[in-house]
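First comes the structure, then the notes that go with it.
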Amino acid sequence: MQTDAMRFAHGQLPGALELAFVGDSVYDLYVRSRLVSAGGGHMREVHLAAVRYVNAHAQSEALARVEPLLTEEEAGVVRRARNARQTPTKNADAREYHRATALEALIGYLYLTGQRARMEGFLGICMQTEGQE
22 MQTDAMRFAH
32 GQLPGALELA
42 FVGDSVYDLY
52 VRSRLVSAGG
62 GHMREVHLAA
72 VRYVNAHAQS
82 EALARVEPLL
92 TEEEAGVVRR
102 ARNARQTPTK
112 NADAREYHRA
122 TALEALIGYL
132 YLTGQRARME
142 GFLGICMQTE
152 GQE
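If you read the sequence shown in my numbering, its first letter stands for residue 22, the second for the next number, and so on.
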């Protein structure tokens with residue numbers, strides 16, 4: 022894996038759902054790493070804490086916190102992913118599911134383009150909950 026921005030065929034980024042596919046993994050790894058670094062506790066508790074951050078509702082709320090900070094290009098990535106044709110899981114609200122996908126695409130975009138500091142800043146904001154700001 023490259024540490025800088027990855028190179029893509031014809032200089033084009035992957036599609037919105039492919040960005041979300043990568044972003045989902047990056048987001049999950051960040052959340053789990055941060056929880057373990059904070060002392061974690063029993064694995065069941067760490068897992069339950071991770072689930073509170075990595076679900077459609079929480080990710081939709083996290084997107085709302087970072088949206089005001091987005092550049093025009095980042096907002097375009099979010100918009101394309103939010104509007105991408107997809108079928109939400111049966112337990113998720115469709116609007117929240119699309120917004121969660123948009124957040125994951127944003128994280129995937131920042132990761133793949135080598136904008137790690139910006140990505141980590143957004144991830145930190147994503148993990149904030151009410152009362153932590």
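A virtual CB, placed ideally from N, CA and C, is assigned to each residue, including glycine.
With a cut-off of 8 angstroms, do at least 3 Cβ pairs link the region 95–102 to the region 73–81?
no
L69: which of A83, R53, S81, S58 sits nearest, CA to CA?
R53
Are the beta-carbon atoms of L84 and R120 separated by less than 8 angstroms?
In this structure, R120 lies closer than 8 angstroms to L84 by Cβ.
The region 127–141 / the region 58–65 touching (three or more Cβ pairs under 8 angstroms)
no
Could you tell me how far apart the beta carbons of R103 and T122 are, in whole angstroms, since I believe they sit closer than 8 angstroms?
The beta-carbon distance between R103 and T122, rounded to whole angstroms, is 7 angstroms. This is short enough to meet the 8 angstroms contact definition.
Would DSSP call R103 helix, strand or coil?
helix
As a quick exercise: from E39, V43, A105, pick the residue whose alpha carbon is nearest that of Y132.
V43
Using DSSP with H/G/I as helix, E/B as strand and the rest coil, what is M148?
coil
If contacts are defined as beta-carbon pairs under 8 angstroms, then G8 and A41 qualify, I think. What distance do you get, rounded to the angstrom?
Past the boundaries of the shown model lies residue 8; the chain is included only from 22 to 154, so the question cannot be answered.
Through-space distance from R55 to P66, alpha-carbon basis:
At residue 66 the sequence reads Glu, which differs from the Pro that was named. Taking the straight line from one Cα to the other gives about 14 angstroms.
With a Cβ-Cβ cutoff of 8 angstroms, do Q149 and R73 count as a contact?
No.
In whole angstroms, what separates the C-alpha of V111 from that of L38?
Val is not the amino acid found at residue 111; the sequence shown has Lys there. Near 19 angstroms, if we compare the C-alpha coordinates of L38 and K111.
For I146, I'd like the list of residues in its chain whose CB is within less than 6 angstroms of its CB, leaving aside the five on either flank, ordered along the chain.
Within the same chain, R86, V87 come within 6 angstroms of I146 by CB-CB distance, once the 5 residues on both sides are set aside.
What would DSSP say about A41, mapped onto helix, strand or coil?
In the three-state reduction of the DSSP assignment, A41 falls in the helix class.
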